[in-house]
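Asks:
6 protein chains.
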Amino acid sequence: MALPPLPRLLVEPIVRAALLEDLGRAGDVTTDSVIPTEARFDAVIASRQPGVIAGIDAAVIAFELIDPSLGIVVERRDGATVAPGDVVMRINGSARAILTAERVALNIACRMSGVATATASLVEIARRHGKAHIVCTRKTTPGLRALEKHAVKAGGGSNHRFGLDDAVLIKDNHIAVAGGVVPAIRAAKAHAGHMVKIEVEVDTLAQLEEAMAEGVDAVLLDNMTPPVLREAVSIVGGRALTEASGRVSRETVGPIAASGVDLISVGWITHSAPILDLGLDAASV
Amino acid sequence: MALPPLPRLLVEPIVRAALLEDLGRAGDVTTDSVIPTEARFDAVIASRQPGVIAGIDAAVIAFELIDPSLGIVVERRDGATVAPGDVVMRINGSARAILTAERVALNIACRMSGVATATASLVEIARRHGKAHIVCTRKTTPGLRALEKHAVKAGGGSNHRFGLDDAVLIKDNHIAVAGGVVPAIRAAKAHAGHMVKIEVEVDTLAQLEEAMAEGVDAVLLDNMTPPVLREAVSIVGGRALTEASGRVSRETVGPIAASGVDLISVGWITHSAPILDLGLDAASV
Amino acid sequence: MALPPLPRLLVEPIVRAALLEDLGRAGDVTTDSVIPTEARFDAVIASRQPGVIAGIDAAVIAFELIDPSLGIVVERRDGATVAPGDVVMRINGSARAILTAERVALNIACRMSGVATATASLVEIARRHGKAHIVCTRKTTPGLRALEKHAVKAGGGSNHRFGLDDAVLIKDNHIAVAGGVVPAIRAAKAHAGHMVKIEVEVDTLAQLEEAMAEGVDAVLLDNMTPPVLREAVSIVGGRALTEASGRVSRETVGPIAASGVDLISVGWITHSAPILDLGLDAASV
Amino acid sequence: MALPPLPRLLVEPIVRAALLEDLGRAGDVTTDSVIPTEARFDAVIASRQPGVIAGIDAAVIAFELIDPSLGIVVERRDGATVAPGDVVMRINGSARAILTAERVALNIACRMSGVATATASLVEIARRHGKAHIVCTRKTTPGLRALEKHAVKAGGGSNHRFGLDDAVLIKDNHIAVAGGVVPAIRAAKAHAGHMVKIEVEVDTLAQLEEAMAEGVDAVLLDNMTPPVLREAVSIVGGRALTEASGRVSRETVGPIAASGVDLISVGWITHSAPILDLGLDAASV
Amino acid sequence: MALPPLPRLLVEPIVRAALLEDLGRAGDVTTDSVIPTEARFDAVIASRQPGVIAGIDAAVIAFELIDPSLGIVVERRDGATVAPGDVVMRINGSARAILTAERVALNIACRMSGVATATASLVEIARRHGKAHIVCTRKTTPGLRALEKHAVKAGGGSNHRFGLDDAVLIKDNHIAVAGGVVPAIRAAKAHAGHMVKIEVEVDTLAQLEEAMAEGVDAVLLDNMTPPVLREAVSIVGGRALTEASGRVSRETVGPIAASGVDLISVGWITHSAPILDLGLDAASV
Amino acid sequence: MALPPLPRLLVEPIVRAALLEDLGRAGDVTTDSVIPTEARFDAVIASRQPGVIAGIDAAVIAFELIDPSLGIVVERRDGATVAPGDVVMRINGSARAILTAERVALNIACRMSGVATATASLVEIARRHGKAHIVCTRKTTPGLRALEKHAVKAGGGSNHRFGLDDAVLIKDNHIAVAGGVVPAIRAAKAHAGHMVKIEVEVDTLAQLEEAMAEGVDAVLLDNMTPPVLREAVSIVGGRALTEASGRVSRETVGPIAASGVDLISVGWITHSAPILDLGLDAASV
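Residue numbers (our numbering), protein chains in the order written: chain A, 6 to 290; chain X, 6 to 290; chain F, 6 to 290; chain P, 6 to 290; chain Y, 6 to 290; chain D, 6 to 290.
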């Protein structure tokens, strides 16, 4: 099944705010001065790098919000793989409108495609070494979490929790303040709702044994080497999901996946992925 | 003079929105379940990498918005250089509040410090080769332009225009639609306000000659090699600011700066800089 | 552990909007005309019915937003049981401020206390007959979901999912369109994130067997009689959480709880609970 | 004349906020996982109880905001009486869109229809005993006052003031602080605008005499028995509108109306009315 | 009794928006560049013209929002009369903060004082000729109605309705479409709430007779000469409020007031009043 | 080239807020009571005074937001000159919608046309005496700066900076605190971005000489007489733009323009211009 788009109700306010941020108080003074009202433009957005596309719906909304009469054809939807030169979108209509919306449309699409591309590069390696899904974290750009989580899915990854409220993740500082893995897990079970999964971060196999004795939905195996991860997976024995995290890179993801973990979570696919370079040009005839 | 902070009026709404994005509808279910109301925590935010700090005011606001009674001491302000292990901020008070605000505070500070660090790395090289300032572009994260432009300044860079409305920048597509450099510049002069500077992008020295004959405040020399840039600087002869752009990296910025241009604009310091890794830990005694 | 309060960041916008809705464009024309600026008032909010308190933090915020200098003492926090005449809160200071904020403070506190009281009445009965938790649904008042879910917890209940995004609940219409229980569960497992629990609504024991064969986190046993529920609980045999729903009232909740289900979900505690009558009066000496 | 609809400008923001509250950060994960993109659904919203409809425009907006291409036919407009099984609205189109919008549409329509139904039940009784209009109060749900006041009109009731700013209502606490009925009325007359009506709450016939001697537009006769109300009406003698309030129920409203008062104000039709049970089902062929 | 201030809850959002409009995306680049962080400034806001002050609370909020640590002393509150040179407010503290907030503070205070001054000039003349109150209309600045209506009161005037929803005012176009004064009044009485006053605009004495025969709360006597107004007042004979409107100026307001009308409504005090010139200067020693 | 319209994205929120301010919580109670649902109205907005039109796009949006099905024909666009009686816009459709939107549409269009008309009156005189452009200031109505700056352009004027962030304007208080013209200019040059112009206010020719020795983009010649202005222009000698300000009126603008300055800035065209009287009437046949 194709990746379902995010509801427009979630995406449009982000695009609108980005346009207002760029238009300021006076709009596009360059275009308004230089481009005649009646000028038409026939543009394409094409990729200048190989990668995976995301954020296209948002780019479409950017053009529509500036001028609902623009003709827009999407050639590559979120999740599509592109080679350099591949046309992602065609936009036809008022030159003023296209040039005014261009930067915001590209800023969102390049960034989200960058997230998707970074994710895909890890997904591909992980797939060759094991069954692990690549999942994102809460280390997302302020204000863009929904879009970035969606871009991770476009890149073939999966989503971890969306915020502080939709799952319990007991981390090292929680354990330290709560006085250990066991009291922390018990407190979580006593207070969390029945539809909320509970995951606990463990730094050692001893902590892992404690956690499994209490029972949790998932364990976050933090900064463990592949051999230790393998042992951890064996200890868990299918009683919980196993998630590896820490120092995940294109170099390390293969061995980590080969350890048999279910999930590998990676912060940098959202916080440090470079953009995918998309550009808007005049359509060639 | 120290870098003046951004007005809180501009920063607080961004932080508030980021916190609400993370809190969702139910707040921090982990912390609320696991951490006793009365638990206190004595935390530090320290850098795990060498770099330049930015976004600290926003991080402070994140903690304050969750709990105005937290004790906060800023050890390194925006623009400060840090080594691994350097403490950037100390936070003392309710463990719940600190753990709830942690991620949002770090998400902003890590990202802005990443922008500042990337900028500083280019600034340092450019300074050794010439007088050129490193300047950012409009290729910023949607919703975070003010913060990212400020982070560029924290890294020693300068700001280009803030949006479509505060300066004229005639780019290749404008020139194509307007019918050439000369009609575009004339139209801009006829319509732009007297407090608005006019810059024009030129791809060739022929276009540059045309632009200088009309007179502009600045020229954007796009994708020219250092030798061509040197010739361009000579043609301009101080009659306008010269700005180089295109394929600027740590490798190329030195030769570009050596060409004598006034400004080097770089998109990747805002759109593709990796974060600076800052972490929150229990303060050691 | 006491019920943790909702983050002020979530509550304050709701209270602010309610005050602006009441103040309109001209503020409190009665109080401004009739009450001298310097008049002081010493008020109590007391309950006129037996019940359980909720929404008190929001009521406090209402008074603070009108006048931060008011002296406020909370006598009964969310979750406290009250008898008629029990004082819930004391407010002392400007008579104008108190009379202007009164209605909004009461509107929120009465409504949330009504939800808590309705919940508590079911919780108490259920506890006497079994282990079942009373849980709320998404049938909440538009705009007040976070407050109402919190009020349910104040009344001793638990929360079901907070929205469409934090858990999968496959309902009858989903099953109909998806072509059956099995394809629906398989599709959900293929697409939902690993931190998202999956629940499926079943109307018959045959559907239940299908669901259990696929494996889910929870089953919603819709509109089944206590004997059928008992059989369902036996079929599930601890492999999933069992949730009863449909026609739950003070009369039926005991037998339903006695069937051994884990959870009983009830819409009316949020959509049809009458308010708890709280009133503001002059404090007696 | 049919009840004029509320301006969409007032209603749409409420519906939009309710949808965003339900969609959270990730949208409808169940529907997106389980329902194929191309699946169509032919649905009806029907009443499961006898009652009076309100909030239908808001329900339509909920579906439209999720998918403007849905086909929607309204069968019963605000103010219509329905029997169990009566179809209120038909919705045809994308199954995903319909199932995603369903809960918010129903949450608003059920609640508003509940207010209309409660109002209508009192209106009908009052009409048989006298000329009194049933009017609502400011005891409305925070954020929903405009919709609830409109639902009261759909149920045949009338609206009291909309907020603190559009009429003067001098209540017992005002009188106490102002030092009596007479100084309070005089202060109100001195300061209120000429388009603002003045009403005063009186607890005794002595206070009523004082009020009538000063002259007011309306008197609120609080918690008086029908015989005392009758005497009050006689004292007023048509010089002001007479409004009864306090302990109004289906049992007491007849005798109160029979006392000859012009208005009977009731808080519970907005603060404690149970919803009218409307449900969305597949349309039968 | 002194003029009660508008609730801060109503005023602050307007001031905040005005500051953000002025700060743009980068704040005050002049002050941030030119004024040292530690510089202090001791400023006064003084009037350069005779007039009546309004909008001072908003000006105070502007300074507070930029820097809550500024020392602010208000010397003339809303409604005070000032002579040229009179100090209205003193502000002491960070020079940067004061210079950044200055323009917004003055923009609001000058404009509102202009409204108050214009109003006062008419009030004074009207008082010498009759009992008529000067009242404003809905011809206010978009977004500033609450502040401007308050400024009218500071100038000694009264407020007409605040919007389309708080009173009925049947105007010429309504009468034309409704088919006459009588059907229009009857429709209004049938549908408007009991706390809503009804006023009708009449252009002729014949229409006035019709209106009085039906009974209304007020009549708007549009564009009548003083002799006709006098006759109209006599026809009404105290049965309704009489309001004159149309071509009201400093020249005509005396004769209009002398006609005996209760109210004179004037659009230009809100839509065309020139500002009162207030300026911020360094405090002299 | 015709004046480009402001982006709808900037204008619509202002119009929407103005409509909500007028509709309040209940909408147009007069129109809803008096005008039948099905009544149609054929209206024109015509000018009652000679002047220049602005704000027409906003007026159109006001009608569209109330009823998108209205037929609207704009006869005079922003910048058009009108004589009394000239029709500016025709609106045809639901009488209710037209009468509800009327006041807000007129409030914006009358005010903006007032700004344009005031500007045009100065532009015309200035043109006869010299080359000076009439420019506006930051003395604009809070919340309406973008619209008013646009109206100034409709009247033939030019725009000064849009806010504190898009240009440096060193004023008298900055110079006083910074310790003189020279240090202030040097600080500005050191800190302002390269796309930001620098202007300095000078009160004397001595200050002007200092400023020109440092070099700035523009000088603001404050409150100088025409002969002194002439001398100032001569001192500047084309090295910077010269802007005159202070006491500019229809009487003084000619001599000021004749002094040879490039720009004349005027606060009153935005802060004190009377409206242009536009009215809505039934279209004659």
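All residues carry an ideal CB built from backbone N, CA and C; glycine is no exception.
Are the segment 265-278 of chain Y and the segment 251-270 of chain D in contact at 8 Å, needing three or more beta carbon pairs?
Replies: no
Asks: From what residue to what residue does the beta strand (DSSP E) around M94(P) run?
Replies: One-based indexing of the fourth sequence puts residue 94(P) at position 89. Counting along the chain, the beta strand (DSSP E) containing M94(P) begins and ends at 92-99.
Asks: Which complete beta strand (DSSP E) runs does the segment 215-270 of chain Y hold, if anything under 3 residues is left out?
Replies: 223-227, 246-250, 268-270
Asks: Rank A102(A), K158(A), T247(A) by C-alpha distance to the C-alpha of A121(A) and give the top, closest one.
Replies: Position 116 of the first sequence, counting from 1, holds the residue named residue 121(A). A121(A) has its Cα closest to that of K158(A), out of A102(A), K158(A), T247(A).
Asks: List the residues of chain D whose Cβ lies closer than 9 Å to the Cβ of R13(A), in chain order.
Replies: Sequence index remark: in the first sequence, residue 13(A) carries index 8 (1-based). Neighbours of R13(A) on chain D: none; closest Cβ ~16 Å, over 9 Å.
Asks: Got a sec: is the Cβ-Cβ distance from R108(Y) to anything in chain D below 7 Å?
Replies: Here residue 108(Y) is taken as the residue at index 103 of the fifth sequence, counted from 1. By this cut-off, R108(Y) is an interface position.
Asks: Name, going along the chain, the residues of the segment 247-274 of chain A whose beta-carbon falls closer than 9 Å to a beta-carbon of chain F.
Replies: E248, D267, L268
Asks: Quick check on D37(F) - is its C-beta less than 7 Å from some C-beta in chain Y?
Replies: The residue you call residue 37(F) lines up with position 32 of the third sequence. True, the Cβ-Cβ gap to chain Y drops below 7 Å.
Asks: So, is G242(D) buried or exposed, given that buried needs 16 or more other C-beta atoms within 10 angstroms?
Replies: Position 237 of the sixth sequence, counting from 1, holds the residue named residue 242(D). Exposed.
Asks: Give the single residue among I19(D), A262(D), P12(D) whose Cα lies nearest to the Cα of P147(D).
Replies: Taking the sixth sequence and counting its residues from 1, one reaches residue 147(D) at position 142. Nearest to P147(D) by alpha-carbon distance, out of I19(D), A262(D), P12(D), is I19(D).
Asks: Please classify G29(X) as buried or exposed, where buried requires at least 16 other C-beta atoms within 10 Å of its C-beta.
Replies: The residue labelled residue 29(X) in the question sits at position 24 within the second sequence. By the 10 Å Cβ count, G29(X) comes out buried.
Asks: Provide the residue span of the alpha helix (DSSP H) that contains R150(F), from first to last.
Replies: As a position in the third sequence, residue 150(F) is number 145, starting the count at 1. 150-159 is the extent of the alpha helix (DSSP H) around R150(F).
Asks: S38(A) lies in the alpha helix (DSSP H); which residues open and close that run?
Replies: The residue given as residue 38(A) occupies position 33 in the first sequence. Note, S38(A): alpha helix (DSSP H), 34-39.
Asks: What does DSSP give as the partner residue(s) for F46(P) in the beta ladder?
Replies: Translated into the one-based positions of the fourth sequence, residue 46(P) becomes position 41. G98(P), per the DSSP bridge assignment.
Asks: Along the chain, where does the alpha helix (DSSP H) containing H276(Y) start, and where does it finish?
Replies: Taking the first residue of the fifth sequence as 1, we reach residue 276(Y) at position 271. Note, H276(Y): alpha helix (DSSP H), 273-276.
Asks: What does a CB cutoff of less than 7 Å around E17(Y) pick up in its chain, not counting 5 residues either side in sequence?
Replies: By one-based count along the fifth sequence, residue 17(Y) stands at place 12. Excluding residues within five positions, the ones whose Cβ falls inside 7 Å are I66.
Asks: Report yes or no: is there a C-beta of chain A within less than 7 Å of the C-beta of P9(D)?
Replies: What you label residue 9(D) is simply residue 4 of the sixth sequence in a count that begins at 1. With a threshold of 7 Å between beta carbons, P9(D) makes contact with chain A.
Asks: Could you check the C-alpha separation between C141(P) and H165(P) for me, to the nearest Å?
Replies: Here residue 141(P) is taken as the residue at index 136 of the fourth sequence, counted from 1. Here residue 165(P) is taken as the residue at index 160 of the fourth sequence, counted from 1. Approximately 6 Å between the Cα atoms of the pair.
Asks: What are the start and end residues of the alpha helix (DSSP H) that includes D286(D)?
Replies: In the sixth sequence, residue 286(D) corresponds to position 281, counting from 1. Here D286(D) belongs to no alpha helix (DSSP H); instead the beta strand (DSSP E) covers 283-287.
Asks: Between the Cα of S52(A) and the Cα atoms of K136(A), G98(A), V253(A), D91(A), which residue gives the shortest distance?
Replies: Translated into positions along the first sequence, residue 52(A) becomes position 47. With distances taken between Cα atoms, S52(A) lies closest to D91(A).
Asks: For the alpha helix (DSSP H) that contains L169(D), what are its first and last residues?
Replies: Walking along the sixth sequence from the start, residue 169(D) turns up at place 164. Premise fails: L169(D) is in no alpha helix (DSSP H) and is neither H nor E.
Asks: Does the Cβ-Cβ distance between N97(X) and D47(X) come in under 7 Å?
Replies: The residue given as residue 97(X) occupies position 92 in the second sequence. The residue given as residue 47(X) occupies position 42 in the second sequence. Yes, these two residues count as a Cβ contact at 7 Å.
Asks: Can you tell me whether G265(F) is buried or exposed, with buried defined as 16 or more other CB within 10 angstroms of its CB?
Replies: Counted from its first residue, the third sequence places residue 265(F) at position 260. When all chains shown are included, G265(F) counts as buried.
Asks: Quick one: what does DSSP say A51(Y) is sitting in, helix, strand or coil?
Replies: One-based indexing of the fifth sequence puts residue 51(Y) at position 46. DSSP places A51(Y) in strand when its eight states are reduced to three.
Asks: Which one of V205(D), E129(D), A100(D), A278(D) has the shortest CA to CA distance from A245(D)?
Replies: Here residue 245(D) is taken as the residue at index 240 of the sixth sequence, counted from 1. Selected option, being the one with the closest Cα: V205(D).
Asks: Rank L283(F), P12(F), D177(F) by C-alpha distance to the C-alpha of D72(X) and give the top, closest one.
Replies: For this step, residue 72(X) is matched to residue 67 along the second sequence. Out of L283(F), P12(F), D177(F), P12(F) has the C-alpha closest to the C-alpha of D72(X).
Asks: Mind checking if G98(X) is an interface residue toward chain E, Cβ cutoff 7 Å exclusive?
Replies: Here the protein chains are A, X, F, P, Y and D, and chain E is not one of them.
Asks: In whole angstroms, what separates the C-alpha of V187(D) from that of K136(X)?
Replies: Taking the sixth sequence and counting its residues from 1, the one referred to as residue 187(D) is at position 182. Taking the second sequence and counting its residues from 1, the one referred to as residue 136(X) is at position 131. Computed Cα separation, rounded: 24 Å.
Asks: Assign T247(P) to buried or exposed, taking buried as 16 or more other Cβ atoms, counted over all protein chains shown, within 10 Å of its Cβ.
Replies: If you number the fourth sequence from 1, residue 247(P) lands on position 242. T247(P) should be labelled buried.
Asks: Return the Cβ separation of I58(F) and S118(F) in integer angstroms, given the expectation that the two are a contact with Cβ distance under 8 Å.
Replies: Here residue 58(F) refers to the residue found at position 53 of the third sequence. Here residue 118(F) refers to the residue found at position 113 of the third sequence. With a Cβ gap of about 5 Å, I58(F) and S118(F) count as contacting.
Asks: Return helix, strand or coil for L104(Y), following the three-state DSSP convention.
Replies: Position 99 of the fifth sequence, counted from the start, is the residue given in the question as residue 104(Y). In the three-state scheme derived from DSSP, where H, G and I count as helix and E and B as strand, L104(Y) is classed as helix.
Asks: Check each candidate in A216(X), T124(X), N112(X), H276(X) and name the one with the smallest Cα separation from S163(X).
Replies: Numbered from its first residue, the second sequence carries residue 163(X) at position 158. Among A216(X), T124(X), N112(X), H276(X), the Cα nearest to that of S163(X) belongs to T124(X).
Asks: How would you list, in chain order, the residues of chain P whose beta-carbon sits under 7 Å from the beta-carbon of K144(F)?
Replies: The sequence position of residue 144(F) within the third sequence is 139, counting from 1. Near K144(F) (Cβ distances below 7 Å), the residues of chain P are N112.
Asks: Determine the extent of the beta strand (DSSP E) in which H138(X) is found, giving its start and end residues.
Replies: As a first step, residue 138(X) must be located in the second sequence, where it is residue number 133. Counting along the chain, the beta strand (DSSP E) containing H138(X) begins and ends at 138-140.
Asks: Would a check of beta-carbon distances place A151(D) closer than 7 Å to chain A?
Replies: To locate residue 151(D), count along the sixth sequence from 1; it is residue 146. Taking Cβ atoms only, chain A reaches closer than 7 Å to A151(D), which makes this a yes.
Asks: Can you tell me whether DSSP reads G56(Y) as helix, strand or coil?
Replies: The residue labelled residue 56(Y) in the question sits at position 51 within the fifth sequence. Correct three-state label for G56(Y): strand.
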